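Oh and the sequence shown: position 39 is 37 in the numbering used here, straight run, nothing missing.
Notes for the one structure printed next.
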Amino acid sequence: MRTPTPRTDAAVKLTFAAGHNTVCPNFARTLETELTALAAERDELRSEVERCNDIINRASVQFFHDGTDGETAAKMLTVLNEAKP
């Protein structure tokens, strides 16, 4: 079963309906499938960046709220270690 490619399928139908047969449907479908996969990957990476930014912000709040003593540094490191895989 092939991956759905609604944009390509619609474009192919219009192209052939207009009497043009210069479109390579399989190539276009492959490109659309890859584009969809890359968009999903981009969204996952954005979520990971947001998570990392949240961790960094919480660590900096801890630092500026409690001061620069050793206990605060230890709390910051605890928060920052959340970013490790």
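All C-beta atoms in this analysis are idealised placements derived from N, C-alpha and C, irrespective of residue type, glycine included.
As the structure is a computational prediction, the values presented were derived from the model and not from experiment.
Taking the Cβ atoms as the reference, Thr6 lies roughly 5 Å from Arg27, within the contact range of under 8 Å. About 50 Å separates the beta carbon of Thr70 from that of Thr31, a gap too long to meet the 8 Å contact definition.
Selection Ala81, Ala9 and Pro4 evaluated against Val47 yields Ala81 as nearest (Cα-Cα). Within a 10 Å sphere around the beta-carbon of Thr3 sit 16 or more other beta-carbons, which makes this residue buried. When the Cα atoms are used, Leu75 and Ala57 turn out to be separated by approximately 8 Å.
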